[in-house]
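First to last, the protein sequences are chains A and B.
Sequential numbering from 24 applies to the first sequence in my numbering.
Sequential numbering from 4 applies to the second sequence in my numbering.
A virtual CB, placed ideally from N, CA and C, is assigned to each residue, including glycine.
Below is one structure, written out as structure tokens; the observations come after it.
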Amino acid sequence: MFKKSDVVIIGGGISGITSALELKELGFKSTIIEKEASIGGLSASFCCKASESCNKCFSCVVDKKIFEINTNKINIFTNTKPIALNGSPGQYMLTIKRGKEKLQIECSAIVIASGIEPYDATKKVEYGYGRFKNVITAKDLDEMLRKKGTIIRPSDGKIPQNVAFFQCVGSRDESIGNLYCSQVCCAYALRLIKSLRHNYPQIMFTFLYMDIQPAGISFKKFLNSCQADKGIRFIRSLPSKVYYSPKTENLRVRFINPDIGDVVEEIFDMIILSVGISPGKESNQISQIFGLSFSEDGFLKEPPYEKGIFLAGACKGPKDIERSIIDAKSTAFKVQNFLRGLN
Amino acid sequence: MGQIAVFIDRMRQTIPNSFIEKLHPIIKEIPEIGFISVEEDLTSSDAIQRMSKRLEQGSVDRMIIIGGSPKNYESSFHRFGFTTPLNPYQFSVANIKQQSLWNLPEEESLKKTKEIILKSIRIVSLSKPIHTQTIPINPEVLIIGGGIAGISVALALAQSGIHVNLIEKEKVLGGGMNELRIFYQDLGDAQKWLEEKISDVTSNQNINLFTQTELIYLKGHIGRFEAKVRKFDETEIILHPSLIVVATGFKREIQREGIFAHRRVVTFSEIEKLISETKAPPLYWDGREIQTVTFIIDRVNEDIKIDSINAIKQALLLQNRFECQVIILCKDVKVSSDGMERLYRRARQEGVIFFKYEEPPKLSLVNGQFQIDIKDTSVIKKEDQWSVSILSDLIVLSESFKPNPSNEKISRLLGIHLGDNGFLMEDNPQLLRIRSNRRGIFILGGCRFPQTLSETLIEGNAVSEEVIRFLRNGTYTYELSVAEVDPQKCALCYTCPRVCPHSAITIEKYAERNIYITYGIPEQNQWPAAKVDPAACFGCGICVGECPAKAITLRHQPDELILTQMGINYKHNS
Numbered sequence: 024m025f026k027k028s029d030v031v032i033i034g035g036g037i038s039g040i041t042s043a044l045e046l047k048e049l050g051f052k053s054t055i056i057e058k059e060a061s062i063g064g065l066s067a068s069f070c071c072k073a074s075e076s077c078n079k080c081f082s083c084v085v086d087k088k089i090f091e092i093n094t095n096k097i098n099i100f101t102n103t104k105p106i107a108l109n110g111s112p113g114q115y116m117l118t119i120k121r122g123k124e125k126l127q128i129e130c131s132a133i134v135i136a137s138g139i140e141p142y143d144a145t146k147k148v149e150y151g152y153g154r155f156k157n158v159i160t161a162k163d164l165d166e167m168l169r170k171k172g173t174i175i176r177p178s179d180g181k182i183p184q185n186v187a188f189f190q191c192v193g194s195r196d197e198s199i200g201n202l203y204c205s206q207v208c209c210a211y212a213l214r215l216i217k218s219l220r221h222n223y224p225q226i227m228f229t230f231l232y233m234d235i236q237p238a239g240i241s242f243k244k245f246l247n248s249c250q251a252d253k254g255i256r257f258i259r260s261l262p263s264k265v266y267y268s269p270k271t272e273n274l275r276v277r278f279i280n281p282d283i284g285d286v287v288e289e290i291f292d293m294i295i296l297s298v299g300i301s302p303g304k305e306s307n308q309i310s311q312i313f314g315l316s317f318s319e320d321g322f323l324k325e326p327p328y329e330k331g332i333f334l335a336g337a338c339k340g341p342k343d344i345e346r347s348i349i350d351a352k353s354t355a356f357k358v359q360n361f362l363r364g365l366n
Numbered sequence: 004m005g006q007i008a009v010f011i012d013r014m015r016q017t018i019p020n021s022f023i024e025k026l027h028p029i030i031k032e033i034p035e036i037g038f039i040s041v042e043e044d045l046t047s048s049d050a051i052q053r054m055s056k057r058l059e060q061g062s063v064d065r066m067i068i069i070g071g072s073p074k075n076y077e078s079s080f081h082r083f084g085f086t087t088p089l090n091p092y093q094f095s096v097a098n099i100k101q102q103s104l105w106n107l108p109e110e111e112s113l114k115k116t117k118e119i120i121l122k123s124i125r126i127v128s129l130s131k132p133i134h135t136q137t138i139p140i141n142p143e144v145l146i147i148g149g150g151i152a153g154i155s156v157a158l159a160l161a162q163s164g165i166h167v168n169l170i171e172k173e174k175v176l177g178g179g180m181n182e183l184r185i186f187y188q189d190l191g192d193a194q195k196w197l198e199e200k201i202s203d204v205t206s207n208q209n210i211n212l213f214t215q216t217e218l219i220y221l222k223g224h225i226g227r228f229e230a231k232v233r234k235f236d237e238t239e240i241i242l243h244p245s246l247i248v249v250a251t252g253f254k255r256e257i258q259r260e261g262i263f264a265h266r267r268v269v270t271f272s273e274i275e276k277l278i279s280e281t282k283a284p285p286l287y288w289d290g291r292e293i294q295t296v297t298f299i300i301d302r303v304n305e306d307i308k309i310d311s312i313n314a315i316k317q318a319l320l321l322q323n324r325f326e327c328q329v330i331i332l333c334k335d336v337k338v339s340s341d342g343m344e345r346l347y348r349r350a351r352q353e354g355v356i357f358f359k360y361e362e363p364p365k366l367s368l369v370n371g372q373f374q375i376d377i378k379d380t381s382v383i384k385k386e387d388q389w390s391v392s393i394l395s396d397l398i399v400l401s402e403s404f405k406p407n408p409s410n411e412k413i414s415r416l417l418g419i420h421l422g423d424n425g426f427l428m429e430d431n432p433q434l435l436r437i438r439s440n441r442r443g444i445f446i447l448g449g450c451r452f453p454q455t456l457s458e459t460l461i462e463g464n465a466v467s468e469e470v471i472r473f474l475r476n477g478t479y480t481y482e483l484s485v486a487e488v489d490p491q492k493c494a495l496c497y498t499c500p501r502v503c504p505h506s507a508i509t510i511e512k513y514a515e516r517n518i519y520i521t522y523g524i525p526e527q528n529q530w531p532a533a534k535v536d537p538a539a540c541f542g543c544g545i546c547v548g549e550c551p552a553k554a555i556t557l558r559h560q561p562d563e564l565i566l567t568q569m570g571i572n573y574k575h576n577s
């Protein structure tokens with residue numbers, strides 16, 4: 024089968040969706056190639072993190088964009104992967120594979136919005152993710168909140184009383200070779216804590232961090248309100264080890280408490296790992312198909328403009344939803360310039 | 004009034020046949036019904052095509068669907084490209100499945116279903132068709148602020164053939180970017196890059212550059228703005244832009260109190276200039292050779308990462324090029340920018356010393372050098388946390404990023420919101436940081452929130468994209484689902500222009516004399532009354548609720564319709 028489209032967008036996450044919508048508004052036809060069964064990608068798996076007021080998590084903006092893309096006539100291929108690229112800039116022929124079926128799409132430009140992967144927390148062996156039931160990632164918690172609507176201990180299904188958040192799991196960590204800041208997790212974790220504190224005031228949280236990274240206009244106000252909350256303990260220290268007590272399924276955490284000035288061990292009934300951002304699983308394959316190179320941190324690197332291949336969103340470096348949307352808009356602008364022959 | 008088409012959706016047998024048979028006699032009683040059509044699954048593409056064909060035969064001008072949730076129908080209609088000669092506003096869904104069948108026993112549910120259907124019929128009989136309106140829109144844009152944000156948008160738009168008026172209140176372009184000499188990513192020359200951009204602006208035919216010029220007056224709405232600007236020689240020019248981009252930037256301010264008033268306490272901009280202008284070591288400041296430099300950051304503007312970036316970049320340069328010893332005192336190391344963590348690690352490897360403080364460091368002068376006392380919090384045991392004294396030749400102090408003092412004026416002139424911290428616009432996720440509360444006015448860069456250059460450039464492209472979307476066709480089309488003032492009822496109380504969050508309501512002379520005009524005022528041909536601009540209105544309905552004289556209505560949601568939807572007075576009068 025053979026199709027024609029002005030632009031092919033690889034990835035149907037928030038960046039891909041936004042690029043497609045904006046390109047449509049600019050008068051270009053685009054086709055989205057998504058490897059999963061539905062579009063939305065990682066951004067669609069987040070729940071609303073409002074407490075008494077909006078905490079600017081942008082999950083509602085994503086829902087709105089997904090609705091928009093379903094109501095705009097944009098070609099979407101789900102369960103599909105790109106396998107080969109032929110032709111030259113301006114006249115590409117992309118071969119895609121859906122199940123066993125192979126299709127060819129003729130296009131003038133390509134947008135790659137292949138996104139990111141949450142860091143695989145099993146690699147941080149000392150935190151025991153995957154071995155201890157009550158150690159989960161912030162991503163798991165988010166899914167739990169979206170599906171079940173409540174926070175429970177996986178071991179016994181009860182609401183926990185004393186929860187610790189470990190920051191920088193997979194970010195800024197030389198031991199695993201991730202020499203970059205994931206840029207989103209501080210605000211993300213604090214928003215989760217804040218909304219949980221609002222819904223379950225009995226839960227006590229401990230936020231173990233290295234540095235708090237700012238996130239936009241109202242972040243200062245938001246952070247101040249978190250720091251004023253007596254149920255959230257901020258401790259500038261990253262834990263070294265988690266021990267497991269099989270009887271109670273509780274977790275003993277070893278860390279330096281700077282207030283006491285010594286190494287302490289505290290017991291928590293649940294641990295949430297704030298996993299960072301790592302390059303998408305498919306990025307190796309994509310870099311081979313489209314002839315892209317990598318940045319020092321393993322993210323995709325923007326190819327020269329003349330190539331007609333553009334990157335959008337977090338596949339070129341950690342970004343939150345807001346910045347991904349703005350970046351996708353900026354990419355759409357570059358693509359329209361390319362297609363109109365401007366430089 | 005035309006007749007109503009009724010489509011009954013059996014929803015793949017989830018609504019039982021026996022129940023639908025009972026509905027037939029109820030519906031047939033209603034006189035406005037044109038035809039009734041029963042479908043097995045109305046969300047399938049065949050059924051939608053059949054429905055389109057049936058409606059095209061004419062004879063009806065409004066329709067209801069009896070079935071499930073309206074959301075299902077909406078998305079499948081869009082997916083299968085449902086085309087209809089009917090106006091989309093003359094359509095209603097009676098959700099009998101969720102609202103009655105599922106949660107009531109059969110007897111009650113039949114009664115309730117009847118109510119729901121009658122309500123839907125009343126809703127479609129009450130709703131009026133809403134049409135679209137198109138206005139011509141000229142490819143002309145006004146950009147306020149000639150900093151890097153304004154420059155990048157101006158160049159991008161000019162390239163697409165849009166006529167740009169760029170106004171800048173200072174003599175030179177560049178704004179806050181003039182303070183930046185070195186890029187942190189590759190240590191490239193920022194001034195050279197900026198100069199190229201500026202010369203592109205000045206030589207571009209499509210850009211009308213006004214320096215030393217300020218906006219003094221604005222009226223009109225999207226597509227038809229009228230802006231008056233005043234040049235330095237007091238001449239005034241009237242511009243007619245279709246869209247406006249605000250990029251007025253921010254202001255740096257330093258509080259020099261006590262020891263910070265010393266001549267060897269410098270700002271980031273001063274040290275940046277010194278580093279870029281000194282070719283080889285040693286480094287001199289105030290007639291003295293500089294060997295140790297201490298950066299004190301996070302005293303102010305803790306939520307902005309620019310200081311951290313600048314400090315680490317400058318520290319590396321001082322350490323490598325000028326053989327200085329650099330100490331950075333901060334609360335948090337803010338590395339949430341691409342490549343910053345690596346730069347931070349490099350700085351530490353090169354010997355830059357970092358201290359994280361909770362309590363502000365104490366400063367004193369000892370033999371012409373600064374002595375900085377700070378607690379070393381990197382040690383675990385409290386008793387080992389000694390106070391460290393640093394002797395330093397130079398102190399670099401972060402300036403605070405303050406909102407531009409002209410923001411208040413800009414916000415008043417343009418009718419855009421002022422955030423509670425004095426920067427323009429509040430943090431509203433739905434506006435995606437580049438749109439303002441007014442349609443046709445965009446905002447970017449430091450006037451909203453100070454941020455890194457690369458982010459500003461991305462925003463610049465995003466704004467250019469939004470502008471081109473509007474100007475691409477030469478026309479702007481909008482739905483008339485907006486508020487409307489009945490000038491006969493307007494008492495000119497000025498409530499609506501004040502409450503309108505989108506500055507879409509103005510007072511204009513277009514009405515006839517009404518009862519609120521007191522006698523004794525000289526007779527005029529046209530009297531003032533509030534007027535909603537349909538292109539600028541978002542149809543939120545706040546003015547409708549607030550108007551004391553009930554002079555404003557929503558075209559797509561008249562009061563009667565809202566009451567009917569609420570179940571008040573829905574009884575069918577036939």
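Pick out whichever of B/G148, B/E482 and B/E171 has its Cα sitting closest to the Cα of B/G463.
Considering only alpha carbons, the answer is B/G148.
If we ignore side chains and look at the alpha-carbon of each, how far apart do A/G340 and B/E362 end up?
Between A/G340 and B/E362, the C-alpha separation is close to 34 Å.
Find out if the Cβ-Cβ distance for the pair B/P551, B/A494 is shorter than 9 Å.
For B/P551 and B/A494, yes; Cβs fall inside 9 Å.
Give the interface partners of A/I240 over in chain B, defined as CB-CB distance under 9 Å, in chain order.
Residues of chain B passing the Cβ test: D306, G422, N424, F426, M428, E429, D430, R436, R451 and F452.
Could you check whether A/I89 and A/S205 sit closer than 9 Å to each other, using their CB atoms as the reference points?
No.
Would you check if the distance between the CB atom of B/C333 and the CB atom of B/V296 is smaller than 9 Å?
No, these two residues do not count as a Cβ contact at 9 Å.
Could you work out which residue in A/K79, A/C77 and A/G63 is closest to A/N93 when comparing CA atoms only?
A/N93 has its Cα closest to that of A/G63, out of A/K79, A/C77 and A/G63.
So with CB distances below 9 Å, who are the chain B contacts of A/L49?
Under the 9 Å cutoff, chain B gives E468, I471, R472 and R475.
Which residues in chain C sit within 9 Å of A/E319, going by Cβ to Cβ distance?
Absent from the structure is chain C; the protein chains it does hold are A and B.
Looking at the structure shown, is B/H166 part of a helix, part of a strand, or coil, going by DSSP?
Of the three classes helix, strand and coil, the one that applies to B/H166 here is strand, per DSSP.
Would B/N464 count as contacting chain A if we go by Cβ distances under 9 Å?
Yes, contact with chain A.
Since A/E45 meets chain B, which of its residues come closer than 8 Å, beta carbon to beta carbon?
Neighbours of A/E45 on chain B, chain order: E468 and R472.
Is the Cβ of A/G340 closer than 9 Å to any Cβ of chain B?
Output row for A/G340: interface = yes.
Could you run through the stretch 57 to 82 of chain B and flag, in chain order, every residue whose CB is less than 7 Å away from some CB of chain A?
Flagged, chain order: S78, H81 and R82.
For the structure I just gave you, are there three or more beta carbon pairs, one from the stretch 434 to 443 of chain B and one from the stretch 262 to 270 of chain B, closer than 8 Å?
Touching, no, given that fewer than three Cβ pairs across the two stretches are closer than 8 Å.
Tell me whether B/S339 is buried or exposed, calling it buried when 16 or more other Cβ atoms sit within 10 Å of its Cβ.
B/S339 comes out buried.
Can you name the residues of chain B whose CB is closer than 8 Å to the CB of A/I56?
In chain order: nothing, as chain B lies at least about 19 Å away.
Please confirm if B/D335 has its CB atom under 9 Å from at least one CB of chain A.
By this cut-off, B/D335 is an interface position.
Please list, in chain order, the chain B residues whose beta carbon lies closer than 9 Å to that of A/T94.
Result: E77, S78, F80, H81 and R82.
In chain order, what residues of the same chain lie with their CB nearer than 6 Å to the CB of A/I139, ignoring the 5 residues before and after it?
For A/I139, where only same-chain residues beyond five positions count, the Cβ hits under 6 Å are I300, G303 and A337.
Smallest Cα separation from A/Q127: which of A/T118, A/I133 and A/I135?
Of A/T118, A/I133 and A/I135, the residue nearest in Cα terms is A/T118.
Along the chain, where does the beta strand (DSSP E) that runs through B/I241 open and close?
Residues E239 to L242.
Compare the C-beta of B/V338 with all C-beta atoms of chain A and state if any pair is closer than 9 Å.
Closer than 9 Å: yes.
Leaving out the 5 sequence neighbours to the left and right, which residues in its chain are closer than 7 Å to B/N576 when beta-carbon positions are compared?
For B/N576, the predicted model reports a pLDDT of 47, less than 50, meaning its position is unreliable; a value from the coordinates is still stated below. So no residue of the chain qualifies.
Which residues in chain A sit within 8 Å of B/K384, going by Cβ to Cβ distance?
By Cβ distance, chain A contributes G284 and D285.
Excluding five sequence neighbours on each side, which residues of the same chain lie with their C-beta closer than 8 Å to the C-beta of B/L564?
I126, L129 and S130, listed in sequence order.
So, does the CB of B/T380 fall closer than 9 Å to a CB anywhere in chain A?
For B/T380, the answer is yes, since a Cβ of chain A falls inside 9 Å of its Cβ.
Could you tell me the distance, in whole angstroms, from the CA atom of B/F423 to the CA atom of B/I247?
The sequence given here has Asp at residue 423 of chain B, not Phe. Distance between the alpha carbons of B/D423 and B/I247: 23 Å.
Which one of A/S194, A/F100, A/I55 and A/A238 has the shortest CA to CA distance from A/E345?
Nearest of A/S194, A/F100, A/I55 and A/A238 to A/E345, Cα basis: A/A238.
Report the rounded CA-to-CA distance for B/Q60 versus B/V9, giving the unit in angstroms.
Looking at the two C-alpha atoms, the distance is approximately 14 Å.
Give the DSSP-derived three-state secondary structure of B/E305 in the structure shown.
Note: B/E305 maps to coil in three-state DSSP.
Does A/C70 get closer than 9 Å to chain B when you measure Cβ to Cβ?
Output row for A/C70: interface = no.
Show which residues of chain B have a CB atom less than 7 Å away from the CB atom of A/A355.
What A/A355 touches in chain B: E468.
Note down, one range per segment and in chain order, each alpha helix (DSSP H) of at least 4 residues found wholly within the stretch 226 to 301 of chain B.
The qualifying runs are 271 to 280.
Does the beta-carbon distance from A/V85 to A/L334 come in below 9 Å?
Not in contact: A/V85 and A/L334 (Cβ atoms no closer than 9 Å).
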